[in-house]
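If you read the protein sequences in the order shown, they are chains A and B. So for the first sequence, my numbering puts the first residue at -1; every next one is plus one. So for the second sequence, my numbering puts the first residue at -1; every next one is plus one. We put the beta carbon where it would ideally sit given N, CA and C, even for glycine. Note that the structure is a prediction, hence the values are computed from the model and not measured.
Number of protein chains: 2
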Amino acid sequence: MKLLDISEVAQQTGIAASAIRHYEEKGLITSVGRRGLKRLFGPEILDQLALITLGSAAGFSLDEVKGMFGPDGRPALSRQVLFDKADDLDRQIERLSHLRDLIHHVAECPAPSHMECPKFRKMLRLSSRLRNEKGSTGKAIG
Amino acid sequence: MKLLDISEVAQQTGIAASAIRHYEEKGLITSVGRRGLKRLFGPEILDQLALITLGSAAGFSLDEVKGMFGPDGRPALSRQVLFDKADDLDRQIERLSHLRDLIHHVAECPAPSHMECPKFRKMLRLSSRLRNEKGSTGKAIG
DNA sequence: CTACAAATTCAAGTCGACTTGAGGTCAAGA
DNA sequence: TCTTGACCTCAAGTCGACTTGAATTTGTAG
């Protein structure tokens, strides 16, 4: 079984060693042991870090990611909480889609000021409406 | 023409007065004048703030939002940069969709540890691949 | 006219996620 | 055995986006 030291992990994942230590300190990952002072990680660390990267790229805090996928990739949350997270994601996806459409419109619309374009204002109104809907965790992603 | 003072704006948008001042200080918005010390805003401020809220909910920094839609809702960027922003959004949407699917799977899969589930690992690998694609602004959103 | 509530400015504080720096340790190679 | 250099710990610093607090400054109600 091949063990990786922190620099190998850093190199293979593109994550800084200091960040990896930080994740361990916060309990998102664990090292399998030490050689002298040096941490040793099992190969599964790579997938775990991929998961952490994905989760935080999606806008979740480290604590939230920790809750979704525990230190060994096992979810620490109930089915319901997970579904709620997925719903949060769907709302966020909707917001992003609106913004993307808005930006596309901005790039193409010839109106001198976009606030004067009825289409733009309509899209904007539509988007703001989303903000006032319930969010299960109470935490909007951005 | 009806002018709004900061507390009315705060109340109608749900944004704290301190945040509104902060946006003005950073140049994302401008007040139309003062009554004594007190700022007065035109009604268009509401849409502008909606735009700022949307943009930052989508993960853009205030500086980026400022670049996308200037102080009066006019975009300060070239068509190309806007299209690039839209592409960034599409990538982010893809990431979020993957994470949502992953979470759904986690909520439903009976495997003892998800890292042992081939479907999970496959989805994860698929997601990580996304991270290595080019991003036009150099800045991933989350 | 006076008091008061609401705004104002400016500096400093907070929070999350790391990064940086100083000083220490130890496995491995010469 | 001695020397490196990679890694270690712990404290402090950074960055963005605000918030908070203290010391003013009004417009307005009484």
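Can you give the beta carbon distance from residue i to residue j, rounded, assuming they're within the 8 Å contact cut?
i: His102 of chain B; j: Lys117 of chain B; result: Contact flag wrong, Cβ pair sits at about 11 Å.
i: Leu97 of chain A; j: Gly34 of chain B; result: Not confirmed; about 37 Å, so no contact.
i: Leu1 of chain B; j: Leu38 of chain B; result: 4 Å
At a CB-CB cut-off below 9 Å, which residues of chain B make contact with residue i?
i: Glu62 of chain A; result: Here the premise fails: no neighbours, minimum Cβ distance about 11 Å.
i: Pro73 of chain A; result: Ile101, Val104, Ala105 and His112
i: Ala48 of chain A; result: Leu122, Arg123, Ser125, Ser126 and Arg129
i: Leu87 of chain A; result: Leu94, Ser95, Leu97, Arg98 and Ile101
i: Leu52 of chain A; result: Arg93, His96, Leu97, Leu100, Leu122, Ser125, Ser126, Leu128 and Arg129
Measure the Cβ-Cβ separation of residue i and residue j and say whether it is below 7 Å.
i: Met113 of chain B; j: Asp45 of chain A; result: yes
i: Gly65 of chain A; j: Leu75 of chain A; result: yes
i: Leu122 of chain A; j: Ala48 of chain B; result: yes
i: Lys24 of chain B; j: Leu60 of chain B; result: yes
i: Ala105 of chain A; j: Phe81 of chain B; result: yes
i: Ile50 of chain A; j: Val63 of chain A; result: yes
i: Arg89 of chain B; j: Ser111 of chain A; result: no
i: Ile91 of chain B; j: Leu94 of chain A; result: yes
Against residue i, what residues of chain B qualify as contacts under a CB-to-CB distance less than 8 Å, listed in chain order?
i: Gln10 of chain A; result: Chain B residues near Gln10 of chain A: none, gap ~11 Å exceeds 8 Å.
Which bits of chain B does residue i rub up against, with CB to CB less than 7 Å?
i: Lys83 of chain A; result: Ile101
i: Leu80 of chain A; result: Ile101, Val104 and Ala105
Show which residues of chain A have a CB atom less than 8 Å away from the CB atom of residue i.
i: Pro116 of chain B; result: What Pro116 of chain B touches in chain A: nothing, since even the nearest Cβ is about 12 Å away.
i: Gly65 of chain B; result: None at all; the shortest Cβ gap to chain A is about 11 Å.
Along chain A, which residues have their Cβ under 7 Å away from the Cβ of residue i?
i: Asp45 of chain B; result: Met113, Arg119 and Leu122
i: Ala56 of chain B; result: Arg93, Leu94, Leu97 and Gly140
Let's test the definition: count the other Cβ atoms within 10 Å of the Cβ of residue i and tell me whether it reaches 16, buried, or not, exposed.
i: Arg32 of chain B; result: exposed
i: Ser125 of chain A; result: buried
i: Ser16 of chain A; result: exposed
i: Ser29 of chain B; result: buried
i: Thr135 of chain A; result: Below a pLDDT of 50, predicted positions are generally treated as unreliable, and Thr135 of chain A, at 38, falls in that range; no measurement from the model is reported.
* **Where the stretch 17 to 43 of chain A meets chain B: residues whose CB sits under 9 Å from a CB there** => Glu42
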